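Position 138 (the sequence shown) corresponds to 138 in full-length UniProt numbering; numbering is contiguous.
Inspection log for the structure reproduced underneath, given as C-alpha cells.
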Amino acid sequence: MDDRGHGVDDEGPAMRRHDRDYDERDLEVDDAEDHAAGPTAVAVSMKRSLERMGPIRTARTLLRLNQAEGFDCMSCAWPDPDPGHRSVAEFCENGAKAVAEEATRRRATPGFFAAHSLAELDAHSEHWLGRQGRITHPMIKRPGGTHYEPIDWDEAFALIGAELNALDSPDEAIFYTSGRASNEVAFAYQLFARAFGTNNLPDCSNMCHESTSIALQESIGIGKASVTLDDVYHAELIVLQGQNPGTNHPRMLTALEKAKRNGATILSINPLREAGLVNFRNPQTPRGVVGRGTDLSDLHLPIALNGDLALLQAFGSLLVEWDALDHEFIERHTRGFEQWRRHVADVDWDVVTTATGLSREQITEAARLLRDSRATVFCWAMGLTQHRNAVATIKEVTNLALAQGNIGKRGAGLFPVRGHSNVQGDRTMGIWERPPAHFLDALQREFGFDPPRENGFDTVDSIRALRDGRARFFMGLGGNFVQAAPDTHVTAAAMRRARMTVQVSTKINRSHLVCGETALILPTKGRTEQDVQASGPQFVTVEDSTCSVHASRGPLEPASPHLKSEVEIVSRIAEATLGDRYGLDWKAMRDDYGVVRGLISRVVPGCESYDVNVRRPGGFVLPHPPRDSRTFHTDSGRAEFAVSPIDVLHVPEGHVILQTLRSHDQFNTTIYGLSDRYRGVEGGRRVIFLHRDDIAALGFDDGDLVDLFTRWDGDERVRCARSFRIVEYDTPRGSAAAYYPETNGLVPLDSTARQSNCPTSKSVVVSLARVGERSDECPEDSHQGTLGSDWSHKTCPDPEYLS
1 MDDRGHGVDD EGPAMRRHDR DYDERDLEVD DAEDHAAGPT AVAVSMKRSL
51 ERMGPIRTAR TLLRLNQAEG FDCMSCAWPD PDPGHRSVAE FCENGAKAVA
101 EEATRRRATP GFFAAHSLAE LDAHSEHWLG RQGRITHPMI KRPGGTHYEP
151 IDWDEAFALI GAELNALDSP DEAIFYTSGR ASNEVAFAYQ LFARAFGTNN
201 LPDCSNMCHE STSIALQESI GIGKASVTLD DVYHAELIVL QGQNPGTNHP
251 RMLTALEKAK RNGATILSIN PLREAGLVNF RNPQTPRGVV GRGTDLSDLH
301 LPIALNGDLA LLQAFGSLLV EWDALDHEFI ERHTRGFEQW RRHVADVDWD
351 VVTTATGLSR EQITEAARLL RDSRATVFCW AMGLTQHRNA VATIKEVTNL
401 ALAQGNIGKR GAGLFPVRGH SNVQGDRTMG IWERPPAHFL DALQREFGFD
451 PPRENGFDTV DSIRALRDGR ARFFMGLGGN FVQAAPDTHV TAAAMRRARM
501 TVQVSTKINR SHLVCGETAL ILPTKGRTEQ DVQASGPQFV TVEDSTCSVH
551 ASRGPLEPAS PHLKSEVEIV SRIAEATLGD RYGLDWKAMR DDYGVVRGLI
601 SRVVPGCESY DVNVRRPGGF VLPHPPRDSR TFHTDSGRAE FAVSPIDVLH
651 VPEGHVILQT LRSHDQFNTT IYGLSDRYRG VEGGRRVIFL HRDDIAALGF
701 DDGDLVDLFT RWDGDERVRC ARSFRIVEYD TPRGSAAAYY PETNGLVPLD
751 STARQSNCPT SKSVVVSLAR VGERSDECPE DSHQGTLGSD WSHKTCPDPE
801 YLS
C-alpha cells in the first residue's frame, strides 16, 4: 500500500492520478461528430487497455473476447457471428473499455479501506471510485462503523445466514441481480431465494426492457427478439427506434454495414441524430480507416420525446390506407386486426404532429419505406421502454410487424436490443419477481418443495419496501443498485434503513457506501478470469439478445487469491441459510457447474441437453415459436393486435421533457472516462443538451450554468440536480437530454410505465433556473449529503453556492 492508502500497482505515470477527482470546470464543448468508430476508436481502445492492463494482459484478453473458446463481453448483449465468421478483433471500443475496467492491475486492498472512511469515499465520483481497482478481500462495515474492515469468508457467510434466518418473513429479503451474472449463478440464486421462501428477485431488466417483456408476451406469447443476426443481414428495411447503437452496442454497426451492402434501407427514429445513426467507419476495413466509411440512415426522423406511440399509429393509418398489408398472415395468425384497423384509420393528425414534432410529409415519407419493404426488422431500446406509455408503444411496433407479416420469415422480425450482457439469460433462468406457474411447477417437480406462488417485489417495489420497513435485507448479485435506480435520494434513504446489505462485486461503487446497518462486500471473480473448482476448470454460459446461448471462459489469473466465484458465493450463502433443507446439494453445484446445467436442463423450457449443447462451438439457439413456426403461445393461440389511445405528455410552459442517457464513455453506472466525443463533450459530465430555441425561450444562453427541477404529481417533494452547463444541441424543440446517474435523482420513484413499472427515465418534465436562483425550493435532503448523483457540486464553479 502506498502512503495514500492505495494498493500498489505497476500501471505507470498515466494512472498515478487515481487519487485526484475530476473538476467540472475542465469541461469543454465542441461540435458533435458525424460518424462513429474509425481509427480514433482503435486508438482509444488501445490507450485505455494499455494504461490499465499493460501489453501482455491486453493481448491475452482482447484476442479472446467474444471468441468461441474465449469469454463473453461483460458489456452489451449484441449477438456474436457464427464461429467461422468472427474477426480476430471481435470487439468494439466500449467492449475493450469494459475489459480494461475489470482486468485492471490496480487493487483495492484492506489497506485502502483502512485509509479511507465511507464518508471520504462517498465524497468522490463514481469515476474515481472505479479507478481504485479490484477489491481483493471480503469486507464488512459493522454497525456504527466508519470504515470497511476485512472479514473471513466463513464468518461472512455465517453472518448472512443468521441475518436471513432472523427475519420475520422471507419476504423481508430482497435478492437483486445485475445482467452481468451468468446463467449458472442466476439459476442457483433464484433456486436459493425460492427455497428460502420468496419471489423477491428484482433485476436490472425492471429498469430497462421490462416494458418490452410485458408487451411482447401479451402480443406474441414470448418476451424476446424474434430475429437472428442473419435476419439483420438480409432485411430490406431496418428501423432503429429509440436507440443509439454507436455507444450502447457498437458491434451492431458492423451488422448494419453488412445489411447496407446487401441492399438494406435504414430508417432511424430518435430525438438525437447520434453519430452511430449517421455513418460507420469500420476500423477493420480500408474504407473505414482512410475512406468515407458507410452511410447508415437513409432517413432520420428527429422525433420529440414521448412521441413514438403517435408516430407508429400514423404509420399504421397510412399502411391501412395504402392496403400495404399481408392479409394472409393476418387471417391465419392474428386476432384483433379489425379493431386496430378502425382505430388507426381514425387517427388525429393534429395530435400526431403535435406529439411527434414532425410534419405529415416527414411521416409519410418514412411510411413509404415500410410500404415498399417485403422484410422489415424493427429494432428498439430504452428510447421506447422508459415512458409512461411504453408497453402500448411497443405493442404498436408489434402491430406494424403483424400487419405486414414481418414475423417468422427471413430478414424480418422484432428486435429489442438488450443493453446488458446476460440480462435476457437471467430472466430465462428464473430471475423474475413474477415467475410463470409452469416454471414454479418445474421447480417443484425437480426439487420436491413448493416454491412461493405470490409475486415478489420488482426494483421499484423493492425500494418502496425498504423505505417503508417491509424489507430489511438486501443482496445485490453485481450491479450498483443505488446509482442505477430512480429517485436517488429516496433510494439511498431506503437502503440505509436495511439491517444488512450484501454486495457481490468486483470493484468499489456507490452501493457499498450507501448501505445498511451492517454491510458486506463479497469480492468475486470476473468474466476475464479463470475459475477452477474442485472438479477442475469451469466455464459459465450466457444468452444474447437473439436467444443464442454460449459458453464463456476467462483467460487470466484471478485478481486476488481471496476471490470466490459467484456460484460459490451464492451456494455458500444458501448452505449457511438453509442447511440441508430439501436435500439441495449446494456443494455439488459449486464443485462442478455441469451439475447446475443438468438442473437447468430439467427445469428451464428449451434447455434440454443444456450441458451438451453449450459445449458446441457457438453454443445453441433457444426455441422461439413465433420465429421458428409462426406459433403464438397467447391465450387465443394467435398474435394479438392491440388498440391503445394516443396520450400526449403534458408539458407546462417554461418546462421541457428530459431524457437521461449514457455518454460514450460509460456503461450503465460504470464511468470509464470523461469523453463523450460523439456529442463533443470532453472533461466533464454535468451538461444538459437543449435546442437553441428552447435556450432562448427559457431566457438562457449557451454555456450558462443551471439547476434542474422536477415535481411529481403524486407528491409535493421538489427534486433537483445542481449546476449543469447548457449545451446547444441538435435536438427537437421541447426535448432535452442529460447523463445518468447524475440525473437519476430527478426521476420520481412513482413515475413508472403502466403495467411494467419501469421508471420513466425518458419522460422527465423539468424546469431550469440559474444556479442558486431557486435554492429555497430544494429541500436540504434532496441535494445535500454524500450522494453520487450530486457529488460533483464540490468541484463546480460558484463555491459560495455549491459549498
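Glycine residues also receive a C-beta, built at the ideal position from the N, C-alpha and C atoms.
All values reported here derive from a predicted model rather than from experimental measurement.
For the options Gly405, Gly699 and Ile56, the alpha carbon positioned closest to that of Glu557 is the one of Ile56.
By the C-beta criterion, the region 661-675 is judged to be in contact with the region 96-113, since at least 3 inter-stretch pairs fall below 8 Å. Leaving aside the five residues that flank Thr136 on each side, the residues in its chain whose CB is nearer than 8 Å to its CB run, in chain order, Gly7, Arg107, Ala108, Thr109, Pro110, Pro523, Ala559, Ser560, His562 and Leu563. With contacts defined as CB atoms closer than 7 Å, Gly479 and Ala498 fail to qualify as a contacting pair. Distance check between Thr104 and each of Cys76, Thr58, Pro143 and His124 places Thr58 closest, using alpha-carbon atoms only.
When the beta-carbon positions are compared, Ala403 and Leu319 come within less than 7 Å of each other. The alpha-carbon of Arg131 is positioned some 33 Å away from that of Thr428.
Counting only runs of 3 or more residues that sit fully inside the region 333-388, the beta strand (DSSP E) segments are 376-380, in chain order. Rounded to the nearest angstrom, the Cβ distance from Arg754 to Arg388 is 6 Å, consistent with a contact under 8 Å. The straight-line gap separating the alpha-carbon atoms of Ala471 and Asp461 is approximately 10 Å.
As computed with DSSP, Met139 is found in a beta bridge with Pro150 and Ile521. Per the DSSP secondary-structure output, Tyr176 pairs in a beta bridge with Gly476.
In the three-state reduction of the DSSP assignment, Pro416 falls in the strand class. Per the coordinates, the alpha-carbon of Ser535 lies some 6 Å from the alpha-carbon of Asp591. About 6 Å separates the beta carbon of Cys73 from that of Ser421, a gap short enough to meet the 8 Å contact definition. Rounded to whole angstroms, the gap between the alpha carbons of Val570 and Val185 is 7 Å.
DSSP lists Phe709 as the bridge partner or partners of Cys720. Going by beta carbons, Gly654 and Ser511 fall outside the 7 Å limit. Nearest C-alpha to Ala642 among Asn613, Leu167, Leu159 and Gln339: Gln339. If one requires a minimum length of 3 residues, the beta strand (DSSP E) runs lying completely within the region 234-322 are 237-241, 265-269, 279-281 and 299-301, in chain order.
Counting only runs of 4+ residues, the alpha helix (DSSP H) found wholly inside the UniProt domain "Molybdopterin dinucleotide-binding" (657-763) occupies 692-697, in chain order. The beta carbons of Leu400 and Phe481 sit no closer together than 7 Å. A direct Cα-Cα distance of roughly 15 Å separates His147 from His124.
In the DSSP assignment, Val423 falls within the alpha helix (DSSP H) that extends over Val423 to Thr428.
Taking all protein chains shown into account, Ser219 has 16 or more neighbouring C-beta atoms within 10 Å of its C-beta and is therefore buried.
The three-state reading of DSSP puts Ala98 in helix, counting H, G and I together. Taking 7 Å as the cut-off, the Cβ atoms of Leu520 and Ala156 count as close.
Taking 7 Å as the cut-off, the Cβ atoms of Glu33 and Gly683 do not count as close. Closest by C-alpha distance to Phe439, out of Asp171, Leu191, Phe113 and Thr518, is Leu191. Under a 10 Å Cβ-count criterion, Gln284 is classified as exposed, with fewer than 16 other Cβ atoms of the shown protein chains found around its own Cβ. Thr393 and Leu384 do touch by the CB rule: their CB atoms are close to 5 Å apart, below 8 Å. For Ser548, the enclosing beta strand (DSSP E) starts and ends at Ser548 to Ser552.
Beta-carbon to beta-carbon, Gly223 and Thr212 are separated by about 7 Å, close enough to satisfy the 8 Å threshold. Taking a C-beta distance under 7 Å as the contact criterion, Leu305 and Glu396 do not qualify as a contact pair. With respect to Lys507, Arg180 sits apart: the two C-beta atoms are not nearer than 7 Å. Glu566: not part of any beta strand (DSSP E); member of the alpha helix (DSSP H) spanning Glu566 to Leu578, first to last residue.
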